[in-house]
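So the mapping is simple: our numbering equals the position in the sequence shown, first residue as 1, plus 15.
C-beta atoms are modelled at their ideal positions from N, C-alpha and C, and glycine is treated no differently.
Working notes, beginning with the structure itself.
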Amino acid sequence: MTATSQFVTTPGTTAAADRLSAAARDHLWMHFTRHSTYDDGGEVPVIVRGEGPYIWDAQGRRYLDGLSGLFVVQAGHGRAELAEAAARQATELAFFPLWSYAHPTAITLAERLAAAAPGDLNRVFFTTGGGEAVETAWKLAKQYFKLVGKPMKHKVISRAVAYHGTPQGALSITGIPAAKMPFEPLVPGAHKAPNTNFYRAPEHGDDPEAFGRWAADQIEIAIEMEGADSVAAVFLEPVQNSGGCFPPPPGYFARVREICDRHDVLLVSDEVICAFGRLGETFACDRYGYVPDMITCAKGLTSGYSPIGAMIASDRLFGPFRRGDNSFAHGYTFGGHPVSAAVAMANLDLFEREDLNGNVRRNEGAFRRTLEGLLDLPIVGDVRGDGYFYGIELVKDKATKATFDDDEAERLLRGFLSKALFDNGLYCRADDRGDPVVQLAPPLTCDQSHFDEIEQILRSVLTEAWQQL
């Protein structure tokens, strides 16, 4: 392989790196990880430092962070002002819960998010992450309809292959069978409709608007199949992550909004990945011109410098909780943590000062064009996404769009691509939740030089992958 010139090696780190890797093998239970990979003493990648769009491992090797950690580090690594905001807040008030009390950082952050949210989404319920925000939204939908005299409305509709989190309720909403089967039975009442993968919709030809109408209408069919009197909410990501960055077809969300209004079903915009600049807007629903009843968000709110999430609800949904002895009997110890809220405020200040949303809007076309240059490779079937959020679908026959079978995908993604991309200096995601894809979501500070670096590494590794096939 040739794309290794970007490695920077720090002498004398091998022994310490080996010790860290061994300790990880012996004691650390890593998330979504096949630990058998390391049974024979294989090296656990240990990331020790970050600066801007780059990360370094314990061996001193440098990588371009093409996934922003996990769609999180919007402002890039090594931002001293965010660490300093955390330290100042921890010195003043390190912790206090929001259980019938409040503290200034949660108040000011809630006010700021409400001001940025569309429509009448003015009430902010803090969590510690995205899955908890999704869990909160479903629970609110259920209780809201009970309080307004529609107690049978409790089911939810989401999309095939979509990922919405790991808590039991959020996992039910998730549309990835393999992610759910080990933990079933889950919370009942979650049903699925087709997603917006236009690349795999040949019956609609070259008419994305017709496809958008069809895909939205499938949500209405799902609601009617379950009975509108039993359906509480529809959960949709603005751009669906799992499966490889499916953007909405033209008119899709306007039609979904009409369908939800017609059947008195709440529309939840799951923006855990898409909010805070990933698509060039503070809230991604604004990019596609729809106003949901709830937004769930997390990740980029602090650029990953401290954990926080939120469910933002409309005034209408909060209305019943203003009256009598009603309360939302739900919460998290660390929801709205003072330190995390202070970091979020500093991060939003940084967004405004450096115009990170504007940087995405100005450069997203160049990012797309750079990645679309890979379409000349025989293994690249589709490049799709928006903003700084793209998926590259891999195929074994471009003419027929034939995908890889399970064994081939295993050998391609886990047997070669994931390690080869990392070894060549690019941290990103090679995944097959759906069809095999490579996903990219670099920090929002990136420019053409970083796009070119990503493209060069991908070109080298994907060319070798095709030769191995």
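Quiz item: What residue from G292, G242, I288, A230 has the CA that sits closest to Y267's CA?
Solution: A230
Quiz item: Tell me which same chain residues have a C-beta within less than 7 Å of the C-beta of F343, skipping the five on either side of it?
Solution: L155, Q158, F336
Self-check item: C-alpha distance - G396 paired with E241, whole-angstrom precision
Solution: 36 Å
Quiz prompt | Three-way DSSP call (helix, strand, coil) for N256 in this model | solution = In this structure, N256 counts as coil in the three-state DSSP scheme.
Exercise. Jot down the residue ranges of each uninterrupted beta strand (DSSP E) in the region 161 to 202, minimum 3 residues, whole runs only, in chain order.
Key: 170 to 174
Quiz item: What are the uninterrupted segments assigned as alpha helix (DSSP H) that are 4 or more residues long and contained completely in the region 325 to 375, given in chain order?
Solution: 330 to 333, 353 to 369
Practice problem: Answer yes if the region 166 to 183 comes into contact with the region 385 to 392, meaning at least three C-beta pairs across the two stretches below 8 Å, and no otherwise. | Solution: A contact between stretches requires three or more CB pairs, one per stretch, nearer than 8 Å, and the region 385 to 392 fails this requirement with the region 166 to 183.
Quiz item: Mind pulling the beta strand (DSSP E) runs of 3 or more residues that sit fully within the region 285 to 329?
Solution: 309 to 312, 324 to 329
Quiz item: Candidates V171, G184, G406, A37: which alpha carbon is nearest D446's?
Solution: G406
Quiz item: With a CB to CB cut of under 6 Å and the five nearest residues on each side skipped, what residues in its chain are close to A357?
Solution: A100, Q104, T120
Practice problem: Keeping to the same chain, check which residues put their C-beta closer than 7 Å to that of N210; ignore five residues upstream and five downstream. | Solution: R174, A175, V176, A177, Q255, G258, F261
Exercise. Would you grab the beta carbon distance between A325 and C312 for me? Rounded to a whole angstrom, and I think it's under 8 Å.
Key: 5 Å
Quiz item: Does the beta-carbon distance from V504 to A414 come in below 8 Å?
Solution: Since the displayed the chain opens at 16 and closes at 484, residue 504 lies outside it and no answer follows.
Exercise. Report all residues from its chain with a CB closer than 8 Å to the CB of L82; omit the five preceding and five following residues, and keep chain order.
Key: Correct list, in chain order: Y442, C443, R444, Q454, L455, A456, P457.
Exercise. Label R302 either buried or exposed according to how many other C-beta atoms from any shown protein chain fall within 10 Å of its C-beta, with 16 as the threshold for buried.
Key: buried
Quiz item: Does DSSP classify D244 as helix, strand or coil?
Solution: helix
Practice problem: Mind checking who V398 pairs with in its DSSP beta bridge? | Solution: DSSP, once it has assigned bridges, lists I407 as partnering V398.
Quiz item: Starting from W71 and walking both ways along the beta strand (DSSP E), at which residues does that stretch end?
Solution: 69 to 72
Quiz item: Does any heavy atom of the ligand FMN sit closer than 7 Å to the C-beta of Q233?
Solution: Ligands in the displayed structure: none, and consequently the ligand FMN is not present.
Self-check item: Environment of V66 [buried if 16+ CB atoms lie within 10 Å]
Solution: The residue asked about is misnamed: residue 66 is Glu in this sequence, not Val. Under a 10 Å Cβ-count criterion, E66 is classified as exposed, with fewer than 16 other Cβ atoms of the shown protein chains found around its own Cβ.
Self-check item: Per-residue burial, D80 [other beta carbons within 10 Å of its own, 16 or more giving buried]
Solution: Flag for D80 reads buried.
Quiz item: In this structure, does DSSP put K207 in helix, strand or coil?
Solution: strand
Quiz item: Whose CA, out of G440, T460, L282, lies closest to the CA of E468?
Solution: If we check each option's Cα against that of E468, G440 comes out closest.
Quiz item: Which stretch, first to last residue, makes up the beta strand (DSSP E) that contains A445?
Solution: 444 to 446
Quiz item: What did DSSP end up calling G380 once you bin it into helix, strand or coil?
Solution: helix
Quiz prompt | N- and C-terminal bounds of the beta strand (DSSP E) containing T142 | solution = 136 to 142
Self-check item: Cβ pair F333, R138 closer than 8 Å
Solution: yes
Practice problem: Drop a sphere of 10 angstroms on the beta-carbon of S20, count the other beta-carbons inside from all chains shown, and report buried for 16 or more, exposed for fewer. | Solution: The predicted model places S20 with a pLDDT of 40, which falls under 50 and marks its position as unreliable; any figure quoted below should be read in that light. Classification of S20: exposed, given that the 10 Å Cβ count is below 16.
Quiz item: Out of P263, F291, M309, which has the shortest C-alpha to C-alpha gap to K280?
Solution: Looking at the sequence provided, one finds Val at residue 280 rather than Lys. The shortest C-alpha separation from V280 is found at M309.
Quiz prompt | For D72 and F22, the rounded distance between their alpha carbons | solution = With a pLDDT of 46 at F22, under the threshold of 50, the modelled position of that residue is not reliable, and no figure is offered here.
Quiz prompt | Residues bridged to L441 (per DSSP) | solution = L79
Quiz item: In three-state terms, what does DSSP make of V149?
Solution: helix
Quiz item: Can you give the Cα-Cα distance for F47 and A194, rounded to whole angstroms?
Solution: Distance between the alpha carbons of F47 and A194: 10 Å.
Quiz item: How is L392 classed by DSSP in three states: helix, strand or coil?
Solution: coil
Quiz item: Taking K161 as the reference, which of V246, Q471, L428 has the closest Cα?
Solution: V246
Quiz item: Should D285 be labelled buried (16 or more other beta-carbon atoms within 10 Å of its own) or exposed?
Solution: buried
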